[in-house]
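Engineer:
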Amino acid sequence: MAYQPRAPNQGNSTDESNSNRRLYNPYQDLHLPTQTTYNLPSSPEFLFQEEAHAQRRSWGENLTYYTGIGYLAGATAGAAKGFASGVKAIEPTDTMKLKINRILNGSGHAGRQIGNRCGVVGLMYAGLESGMVAVRDTDDIINSVVAGLGTGALYKAAAGPRSAAVAGAIGGVLVGLAVAGKQAVKRYVPI
Numbered sequence: 001m002a003y004q005p006r007a008p009n010q011g012n013s014t015d016e017s018n019s020n021r022r023l024y025n026p027y028q029d030l031h032l033p034t035q036t037t038y039n040l041p042s043s044p045e046f047l048f049q050e051e052a053h054a055q056r057r058s059w060g061e062n063l064t065y066y067t068g069i070g071y072l073a074g075a076t077a078g079a080a081k082g083f084a085s086g087v088k089a090i091e092p093t094d095t096m097k098l099k100i101n102r103i104l105n106g107s108g109h110a111g112r113q114i115g116n117r118c119g120v121v122g123l124m125y126a127g128l129e130s131g132m133v134a135v136r137d138t139d140d141i142i143n144s145v146v147a148g149l150g151t152g153a154l155y156k157a158a159a160g161p162r163s164a165a166v167a168g169a170i171g172g173v174l175v176g177l178a179v180a181g182k183q184a185v186k187r188y189v190p191i
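Position 158 of the sequence shown, counting from 1, maps to 158 under full-length UniProt numbering, and the rest follow consecutively.
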């Protein structure tokens, strides 16, 4: 309600019928059509026209996406593993403060270690996949599977050629299964 000064002869009368007060509406002079104000487009908008024709993420977006997903998944799994080891490490004579400290230390330590490892794997995979797309000038399943093979082999290269070959095979199979699963989900599940 807006402030209206009173005349000195009105006194403390609470009779609203003879006063000229009204409720203040700050939006009274704005005549905005609310239907069109929030009618946002459903199609993606692009800053540059050449981005509209691309059907995949750029290498920088790919790098950020896979590294972030890898770190987040690894940190979550590591925190769960650290929680379990922290609970197992609790001794009967520990106070509540020490119990909580053991659990938090275990979760944080394992979460950081496994999160960093998975983030590096995601970084290598994104770099190899983007490199394959640039070299072959096509985006298909072969790029993903070869990037998975290369990532596994590179990650375990320091452990020897046999470990690198096994890790590469595991990486290729896992990526192949992931790509096939994604295709099946796209085909049979309406999202």
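Built from N, CA and C at the ideal position, the CB exists for glycine as well.
In this text the structure is predicted, and so the values were computed from the model without any measurement.
Distance check for residue 46 and residue 161, CA to CA, integer angstroms please.
Structural biologist: Your numbering for residue 161 matches position 161 in the sequence shown. Your numbering for residue 46 matches position 46 in the sequence shown. Whole-angstrom Cα-Cα distance: 45 Å.
Engineer: Assuming contact is defined by CB atoms lying nearer than 7 Å, are residue 90 and residue 99 in contact in what I supplied?
Structural biologist: Numbered from its first residue, the sequence shown carries residue 90 at position 90. Numbered from its first residue, the sequence shown carries residue 99 at position 99. In contact: residue 90 and residue 99 (Cβ atoms closer than 7 Å).
Engineer: In chain order, which continuous runs of the alpha helix (DSSP H) of length 4 or greater are located wholly inside the segment 87-140?
Structural biologist: Fully enclosed alpha helix (DSSP H) runs of 4 or longer: 96-136.
Engineer: Whole angstroms is fine: what's the gap from residue 187's alpha carbon to residue 103's?
Structural biologist: On the sequence shown, residue 187 is found 187 positions in, with the first residue counted as 1. On the sequence shown, residue 103 is found 103 positions in, with the first residue counted as 1. The alpha-carbon atoms of residue 187 and residue 103 are separated by roughly 43 Å.
Engineer: Drop a sphere of 10 angstroms on the beta-carbon of residue 93, count the other beta-carbons inside from all chains shown, and report buried for 16 or more, exposed for fewer.
Structural biologist: The residue you call residue 93 lines up with position 93 of the sequence shown. Result: exposed.
Engineer: Helix, strand or coil: how does DSSP classify residue 23 here?
Structural biologist: As a working mapping, residue 23 is identified with position 23 in the sequence shown. Coil at residue 23, not helix or strand.
Engineer: I'd like to know if the segment 104-119 and the segment 55-64 are in contact, where contact means that at least 3 CB-CB pairs between them fall below 8 Å.
Structural biologist: At 8 Å Cβ cutoff, the stretches do not touch.
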